[in-house]
Amino acid sequence: MEPGKRIRRRQFMQDSMALLGAGSVAATSQSAQVPSAHGNSHTASDSAPWRLRATLDPGQTVWILTPPEASFQERLASRELVRGLRNLGLVRDPIEAAMAGAQPGASDSVFSLTVKSEDFKHPEAYEIAREQEDGKSLRARLTGATPQAVLYAVFDLLERQGAFFGLEGEVYPLEPARTLNLPPLNQPWRARPRFNTRGLLPWPDFLNCITVFNREEHRAYLEAMLRMRFNTLGIHVYSGAEQWTESFLSFEYAGAGHLAFTDTSATNRWGYLPQRTSRYGMGAPDLFAHEVFGSEVTTKAASCWEGQ
């Protein structure tokens, strides 16, 4: 880093995620060298951003095209691209359609999502290509070796527009985008995740972790992992002679099973004692709706068996 030059928080986080394997091998900053489809390299800053005709203009027509019999992941990729373009402030209501029946106008902007396994050696590899010259309507194609890779291409494209995907959620620039950052014509961006196995190992033993997650928190957690291109979730559990086994590892065989339960503020584990939330100090009781804090699976279950 140059003396006296401070790195931005967003850049630091993105570089850190790339180092951990959540990013892509060729997902680099705009001043870095990116390999092209022909084995050469180009500087991302050499490509002039493609300018959409308007920002949040009701008359702007943007198409997102998928194969006629798109898989769930391809349809999800289309929906994520719709969300991303809206959050960036580029378009309001993109049209999602199948390639076979779509009829975009000559002045319409078109994103095509396709799968071509024969074009890639790695199942999670993808490319982002621009197919029209400057001054003409936008034609961009996101191609992946698999439907999952197409989904990764969408997240990569959105990150290149300034979006940031983290475990706490997604963050978009406060100011609406006025341009799209796309590769030069005939020089697609090609990339794939850095590691084959990428994931998280949460510790479900305390009341500030997934132990107290409800269904909506688990869904948000898994959605965040997907946008970060993680593909593995491991959950640590304890097992020992003193029945430390939790319900994440519980099973029943021949009518007998583990004495397992998930923690709440009313259970007694190492590190804390059970206590009513109304007895917390410094105004903390105002933050709790009930005397027992925990996942609804545990606080509303009639027994530990029902909670499993």
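The opening position of the sequence shown corresponds to residue 51 in the numbering used here, with each subsequent residue numbered one higher. Every residue gets a Cβ at the ideal spot worked out from N, C-alpha and C, and that includes glycine.
Query, Result
"Quick one: what does DSSP say GLU174 is sitting in, helix, strand or coil?", "coil"
"Threshold first: 4 residues or longer. Then list the alpha helix (DSSP H) segments lying entirely within the segment 251-310, N to C.", "265-277"
"If you check the beta carbons only, do ALA334 and PRO324 fall under 7 Å apart?", "no"
"Do you know how far the Cα of THR312 is from the Cα of THR247?", "28 Å"
"Which residue comes first and which comes last in the alpha helix (DSSP H) that contains PHE122?", "122-137"
"For the beta strand (DSSP E) that contains THR164, what are its first and last residues?", "159-165"
"Rank HIS340, GLN211, MET332, PRO144 by C-alpha distance to the C-alpha of ARG326 and give the top, closest one.", "HIS340"
"Thinking C-beta only, is GLU124 closer than 7 Å to THR111?", "no"
"Is THR229 helix, strand or coil by DSSP?", "coil"
"What do you get for ILE2, buried or exposed, if any count of 16 or more other CB atoms within 10 angstroms of its CB means buried?", "The chain is shown from 51 up to 358; residue 2 falls before or after that span and cannot be answered."
"Please state whether the Cβ-Cβ distance between GLU174 and ARG242 is less than 7 Å.", "yes"
"Under the assumption that TYR222 contacts LEU135 (Cβ atoms under 8 Å), give the Cβ distance between them as a whole number of angstroms.", "Not really, about 11 Å apart at Cβ, beyond 8 Å."
"With a CB to CB cut of under 7 Å and the five nearest residues on each side skipped, what residues in its chain are close to ALA127?", "LEU163, VAL200, LEU201, VAL204"
"Just the Cα atoms here: how many angstroms apart are LEU224 and ARG210?", "15 Å"
"Using alpha carbons as the reference points, say which of GLU267, ASP158, SER121 lies closest to VAL165.", "SER121"
"CA-CA distance, PHE342 and GLY212?", "Strictly speaking, residue 342 in this sequence is Val, with Phe absent from that position. About 41 Å."
"Whole angstroms is fine: what's the gap from GLY216's alpha carbon to GLU130's?", "15 Å"
"Answer with buried or exposed for GLU218, where buried requires no fewer than 16 other C-beta atoms within 10 angstroms of its C-beta.", "exposed"
"Between PRO144 and GLU296, what straight-line distance do the alpha-carbon atoms span, to the nearest angstrom?", "46 Å"
"Rounded to whole angstroms, what is the Cα-Cα separation between ALA190 and PRO226?", "20 Å"
"Of the choices TRP355, ARG240, ALA270, ALA274, whose alpha-carbon is the least far from that of ALA306?", "TRP355"
"Counting only the same chain and skipping the five closest in sequence on each side, list residues whose C-beta sits under 7 Å from that of ALA152.", "TRP113, LEU115"
"Kindly indicate the opening and closing residues of the alpha helix (DSSP H) around PHE205.", "197-210"
"The beta strand (DSSP E) that contains VAL112, what's its start and end?", "112-116"
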